[in-house]
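Number of protein chains: 2
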Amino acid sequence: MTSEKTLKQFNLRITKIRIAVLDALSASPAALSYSVLQDALSAFDRTTLYRTLLTLTDHGLIHKAYEENGESYYARCFGCTGQDHHHEHLHLKCSSCGGVECLEISEELKLNLAQLPFEEINISAKGPCSSCAIQGG
Amino acid sequence: MTSEKTLKQFNLRITKIRIAVLDALSASPAALSYSVLQDALSAFDRTTLYRTLLTLTDHGLIHKAYEENGESYYARCFGCTGQDHHHEHLHLKCSSCGGVECLEISEELKLNLAQLPFEEINISAKGPCSSCAIQGG
DNA sequence: CTGTTTATGCAACATTGTTGCATTTTTAGT
DNA sequence: ACTAAAAATGCAACAATGTTGCATAAACAG
Ligand SMILES: [Mn+2]
Ligand SMILES: [Mn+2]
Ligand SMILES: [Zn+2]
Ligand SMILES: [Zn+2]
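So, in structure tokens, the structure goes:
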């Protein structure tokens with residue numbers, strides 16, 4: 001689905017930066033850091049990017065996949081609606097290339113997590129990502 | 001064990017700020033945010049606090065329990081050695097009081113996590129903490 | 001006590017988070 | 001297509017944190 005249609009579906013106004021952010025995150029297999037987004041979207045003011053990321057996160061179109069040392073990584077959400085981000089997956093920070101990816105987890109683990117009495121649960125891990133593991137490291 | 005002895009045990013030099021940080025984190029049942037530590041240790045330069053937190057983390061005496069929107073929470077480590085932080089527990093950010101606490105997890109969940117091929121795994125959650133849940137909220 | 005090693009304090013700068021407000025853009029209604 | 005209302009953007013401004021270099025002070029081994 002095109003970014004315009006997605007925005008419309010979520011009752012959000014269609015603006016250039018929102019389309020650009022959604023396009024960028026949709027096109028990337030890995031999560032993108034704030035600084036990378038900033039560079040890619042340098043045509044826009046960084047405050048606008050800041051608020052765009054807030055808006056898209058609040059409405060469940062994207063999510064913050066990882067945060068460390070003040071560096072945040074964002075990824076496209078699939079299946080999230082409104083405030084209800086249900087990330088039944090894991091966020092892996094590659095110890096080799098530094099990339100961040102969203103990974104599916106086992107059904108068993110999902111069940112375990114679902115039993116915990118919390119509103120929101122996130123798992124993050126460090127280790128070789130799929131690409132780096134193949135090439136050895 | 002006293003903070004001095006702990007430092008000696010880890011082959012770290014005994015300095016005022018290291019003792020102060022260890023004392024503060026050992027005394028608190030919840031993790032302490034950077035800003036709280038900063039305020040409590042305002043006698044020291046913030047660069048020194050920054051480097052102290054790095055050093056104590058690197059040697060496994062403390063760990064970063066939670067990070068969000070550039071705010072980091074630190075907690076005393078028990079059973080961690082050197083770079084090998086093995087946090088078989090969960091970090092809960094209270095949706096009511098905002099406090100962060102380290103919680104034990106079930107053996108079953110530990111086993112599930114242990115099967116994942118990663119060097120380090122962290123779980124964080126949001127929801128009412130033990131104190132706030134009692135009082136209702 | 002003394003020399004060596006290491007930590008600290010300070011300056012400096014980069015990055016990010018965050019808010020207010022005037023201006024521009026988007027949208028819905030005509 | 002035109003217009004008014006609602007919302008988003010750009011810009012300024014400031015706070016907080018991350019990060020490094022370097023001179024000075026403190027810790028430690030002998
Ligand atoms: Mn994700
Ligand atoms: Mn912990
Ligand atoms: Zn990688
Ligand atoms: Zn609480």
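Here the protein sequences line up with chains W and F, keeping their order.
Residue numbers for the first sequence follow the numbering used here, beginning at 1 and rising by one.
Residue numbers for the second sequence follow the numbering used here, beginning at 1 and rising by one.
By construction, the Cβ of each residue, glycine as well, lies at the ideal position given by its N, Cα and C atoms.
- Task: May I ask whether a heavy atom of ligand 4 can be found less than 7 Å away from the beta carbon of PRO29/W?
- Result: Reading the first sequence from its first residue, position 29 is the one you call residue 29/W. Result no, Cβ not under 7 Å from ligand 4.
- Message: So ARG18/W and THR52/W are supposed to be a Cβ contact under 8 Å. How far apart are they, rounded?
- Response: Working through the first sequence from its first residue, we reach residue 18/W at position 18. Working through the first sequence from its first residue, we reach residue 52/W at position 52. So it is a contact: roughly 6 Å between Cβ atoms.
- By Cβ distance below 6 Å, which residues in the same chain neighbour CYS97/W in space, the five residues on each side in sequence not counted? Within the first sequence, numbered from 1, the residue matching residue 97/W stands at position 97. The answer, listed in chain order, is CYS132.
- Which chain W residues sit within Cβ distance under 7 Å of LEU49/F? Numbered from 1 along the second sequence, position 49 holds the residue referred to as residue 49/F. In chain order: nothing, as chain W lies at least about 15 Å away.
- Indicate, with yes or no, if ligand 1 has a heavy atom lying under 7 Å from the CB of ALA114/F. In the second sequence, residue 114/F corresponds to position 114, counting from 1. Answer for ALA114/F: no, Cβ out of range of ligand 1.
- Message: Let me see if you follow: with CB-CB separation under 8 Å, is GLU119/F close to chain W or not?
- Response: Counting from one through the second sequence, the residue named residue 119/F turns up at place 119. Yes, GLU119/F counts as interfacial toward chain W.
- Regarding ALA125/W and ligand 2, is the C-beta to nearest heavy atom distance less than 7 Å? As a position in the first sequence, residue 125/W is number 125, starting the count at 1. No, the beta carbon of ALA125/W sits no closer than 7 Å to any heavy atom of ligand 2.
- Message: Which same chain residues end up closer than 8 Å to GLU4/W when comparing Cβ atoms and leaving out the 5 residues on each side of it in sequence?
- Response: Taking the first sequence and counting its residues from 1, one reaches residue 4/W at position 4. ILE14, ILE19.
- Go through its chain and collect everything with a Cβ distance to GLU88/W's Cβ below 7 Å, but skip five positions before and after it. Along the first sequence, one-based indexing puts residue 88/W at 88. Cβ neighbours of GLU88/W beyond the five flanking positions: ILE105, LYS110.
- By DSSP, does SER3/F sit in helix, in strand, or in coil? For the purposes of this step, residue 3/F is identified with residue 3 of the second sequence, where counting begins at 1. Helix.
- Listed by chain order, chain F residues near GLU68/W by CB distance under 8 Å: For the purposes of this step, residue 68/W is taken as the residue at position 68 of the first sequence. Those within 8 Å of GLU68/W in chain F are GLU67.
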